[in-house]
Amino acid sequence: AHLDRIAEVDPQINAFLHVAADSALAQARAVDERRAAGEPLGPLAGVPIAHKDVFTTKDMPTTAGSKILEGYRPPYDATVTARLREAGLVILGKTNLDEFAMGSSTENSAYGPTRNPWDLSRIPGGSSGGSSAAVAAYQAPLSTGTDTGGSIRQPAAVTGIVGMKPTYGGSSRYGLIAFASSLDTPGPFARNVLDAALLHEAFSGHDSMDSTSIHEPVPPVVEAARRADVAGLRVGVVKEFGGEGYQPGVLARFREAVDLLESLGAKVVEVSCPSFGYALPAYYLIAPSECSSNLARFDGMRYGLRVGDDGTRSAEEVMALTRAAGFGPEVKRRIMLGTYALSSGYYDAYYGSAQKVRTLIARDFEAAFHQVDVLVSPTTPTTAFPIGERADDPMAMYLADLCTIPANLSGNAAISVPCGLADEDGLPVGLQIMAPVLGDDRCYRVGAAVEK
Ligand code: GLN
28 AHLDRIAEVD
38 PQINAFLHVA
48 ADSALAQARA
58 VDERRAAGEP
68 LGPLAGVPIA
78 HKDVFTTKDM
88 PTTAGSKILE
98 GYRPPYDATV
108 TARLREAGLV
118 ILGKTNLDEF
128 AMGSSTENSA
138 YGPTRNPWDL
148 SRIPGGSSGG
158 SSAAVAAYQA
168 PLSTGTDTGG
178 SIRQPAAVTG
188 IVGMKPTYGG
198 SSRYGLIAFA
208 SSLDTPGPFA
218 RNVLDAALLH
228 EAFSGHDSMD
238 STSIHEPVPP
248 VVEAARRADV
258 AGLRVGVVKE
268 FGGEGYQPGV
278 LARFREAVDL
288 LESLGAKVVE
298 VSCPSFGYAL
308 PAYYLIAPSE
318 CSSNLARFDG
328 MRYGLRVGDD
338 GTRSAEEVMA
348 LTRAAGFGPE
358 VKRRIMLGTY
368 ALSSGYYDAY
378 YGSAQKVRTL
388 IARDFEAAFH
398 QVDVLVSPTT
408 PTTAFPIGER
418 ADDPMAMYLA
428 DLCTIPANLS
438 GNAAISVPCG
448 LADEDGLPVG
458 LQIMAPVLGD
468 DRCYRVGAAV
478 EK
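In the UniProt record's numbering, the protein residues as written are 28 to 479.
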């Protein structure tokens with residue numbers, strides 16, 4: 028049914044870069060055989076899933092949305108892919124994304140933009156926009172994404188689904204094509220909070236293949252999603268997120284969600300996080316710096332595309348031609364910004380300062396979580412914007428991540444759950460719930476109580 032649905036609607040939506048119809052049917056049959064043989068299977072065995080095309084998959088291409096990896100077939104599975112395969116989930120295919128996960132609209136994909144199923148003239152969020160659109164359009168019940176600066180929560184918010192960024196290090200980065208290694212976090216998309224929790228649990232937990240993987244048990248996310256009560260919980264409304272620049276319909280739905288939490292027995296207070304206003308500029312130094320180093324491996328020698336290797340050119344010339352042809356404009360912009368910020372003489376002024384801001388943000392979170400159990404805000408300042416509207420204005424595009432980035436810089440858990448439709452445009456609005464490091468269960472508990 029899902030393969031039929033993909034065939035029917037994906038020509039308009041473009042959520043998938045690769046559909047694995049034959050292998051999906053074979054995997055589904057294999058799960059049936061495991062079940063018939065009496066093998067104990069987990070709760071998601073046989074459930075179809077779509078993977079963001081930034082997780083390596085040994086039996087299908089992995090492009091990261093870039094021309095430079097066109098046709099690349101990895102020899103191994105990412106830990107997230109492997110664990111979900113083992114749990115019996117059936118891979119429908121790979122979903123579209125902003126090139127190397129850099130963007131907020133999926134317009135930076137080398138394979139064309141994905142469209143928002145609610146309104147095909149609008150963006151589905153990014154960078155995991157193929158994964159959010161696929162779930163919102165009922166092409167897949169579940170999908171995976173990665174959240175470096177909001178790339179799960181923001182697409183979930185603007186397509187009306189649930190998206191969770193686990194605590195950094197709670198989900199493995201092994202086999203995830205790296206963007207900014209100190210921020211990259213795999214996480215789940217689903218149409219409700221409990222489904223997201225089941226998927227979260229299925230791929231999370233310590234992985235010796237990832238040196239930043241946390242040695243702690245997975246927080247009890249499924250139990251929390253089932254519990255879904257907020258009586259007595261202290262909820263902090265982040266004072267800095269709201270007001271100017273926020274769409275009125277987004278703020279109206281957000282306030283209703285806060286009122287609902289109060290009516291369900293939560294104690295709501297306002298909390299100030301003064302450093303959160305500096306999160307965006309700090310992120311746009313740290314993420315490009317890390318990307319400039321991570322993307323050095325795409326040199327035309329080891330993977331995918333190679334341009335101009337005709338026997339007359341030096342290796343350096345081939346590398347330059349390959350990178351010029353293989354990377355899109357946003358990726359080049361970030362490599363240049365990052366290289367500049369890391370160069371000697373500028374390192375302390377830019378990268379060093381940004382790292383200090385990062386510490387201040389983590390301290391704001393710590394202080395806040397002495398007063399409250401969770402923090403809430405709108406996930407994004409506006410609903411889905413029209414395709415093309417911000418494509419030539421990187422600053423406007425970066426503003427989509429205003430509310431999501433603090434939790435990335437500090438490594439905290441944060442979820443986006445649907446909280447209704449904006450009056451102006453009838454488009455979905457997301458409520459963001461942020462919890463302490465390893466407090467992922469609180470996101471699910473509160474999210475399940477308010478989802479609608
Ligand atoms: N939109 C942000 C960026 O462009 C976040 C991306 C992400 O989380 N992968 O960097």
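All C-beta atoms in this analysis are idealised placements derived from N, C-alpha and C, irrespective of residue type, glycine included.
The model shown is predicted, which means the values in this text are computed figures rather than measured ones.
Closer than 7 Å: Gly438 CB and nearest the ligand GLN heavy atom: no
Same chain only: Cβ atoms within 8 Å of Glu283, ignoring 5 sequence neighbours per side: Cys446, Gly447
As assigned by DSSP and simplified to three states, the class of Asp237: coil
Which residues DSSP lists as bridging Ser443, in chain order: Gly190, Gln459
Continuous beta strand (DSSP E) stretch holding Glu297: start and end: 294-298
Assigned secondary structure, Ala244 (DSSP; H/G/I helix, E/B strand, else coil): The question names Ala, yet the displayed sequence has Pro at residue 244. Correct three-state label for Pro244: coil.
Nearest-angstrom beta carbon gap, Cys430 and Phe268 [assumed within contact, 8 Å]: 5 Å
Check: Met129 C-beta below 7 Å from any heavy atom of the ligand GLN: yes
Inside the region 309-375 only - alpha helix (DSSP H) runs reaching at least 4 residues: 342-353, 356-369
Residue burial classification, Gln459 (beta-carbon count within 10 angstroms, cutoff 16): buried
CA-to-CA distance, Ala91 to Glu250, given in whole angstroms: 34 Å
Straight-line Cα distance separating Arg62 from residue 1: The structure shown does not extend to residue 1, since the chain is modelled only from 28 to 479, so the question has no answer here.
Distance cut-off 7 Å: Gly355 Cβ against heavy atoms of the ligand GLN: no
Ser341 versus Lys359 - alpha carbon distance: 22 Å
Cβ distance (whole Å) where Val245 is taken to contact Val264 below 8 Å: Their Cβ separation, rounded to whole angstroms, is 28 Å, which puts Val245 and Val264 out of contact at 8 Å.
The region 168-182 contacting the region 210-223, beta-carbon criterion three pairs below 8 Å: yes
Residue from Val74, Asp125, Gly115, Gln39 whose Cα sits closest to the Cα of Ala418: Asp125
Integer Cβ distance of Ala441 from Cys470, believed to fall under 8 Å: 6 Å
Local conformation of Arg200 per DSSP, three classes: coil
Identified DSSP bridge partners for Lys121: His45, His78
Which of helix, strand or coil DSSP assigns to Phe303: helix
Integer-rounded CB distance, given that Met129 should sit under 8 Å from Ser154: 7 Å
Enclosing alpha helix (DSSP H) for Gly276 [first to last residue]: 275-290
From Tyr99, Glu343, Asn439, Glu344, residue whose alpha carbon lies closest to that of Arg390: Asn439
C-beta contact flag for His29 and Pro75 at 8 Å: yes
Three-state secondary structure (DSSP) of Arg218: coil
Simplified DSSP state of Thr407, which is helix, strand or coil: coil
For Val189 and Ser443, believed in contact at Cβ under 8 Å, the rounded distance: 7 Å
Residues of its chain near Ser316, where Cβ-Cβ distance is below 6 Å and the 5 sequence neighbours each way are ignored: Gly365, Ala368, Leu369, Tyr378
CB of Ala224 within 8 Å of CB of Val248, strictly: yes
At least 3 beta-carbon pairs within less than 8 Å: the region 307-323 vs the region 380-389: yes
Given Cys300 as reference, the closest of Leu402, Asp468, Phe127 once Cα atoms are compared: Leu402
Own chain, CB closer than 8 Å to Val298, minus 5 neighbours either side, in chain order: Gly263, Val264, Val265, Lys266, Ala395, Gln398, Val399, Leu402
Enclosing alpha helix (DSSP H) for Leu169 [first to last residue]: From DSSP, Leu169 is part of no alpha helix (DSSP H) but of the beta strand (DSSP E) over 169-173.
Of the listed residues Val81, Thr339, Leu322, Trp145, nearest to Gly120 (C-alpha basis): Val81
Minimum C-alpha distance to Ala64 - residue among Pro70, Gly202, Arg56: Arg56
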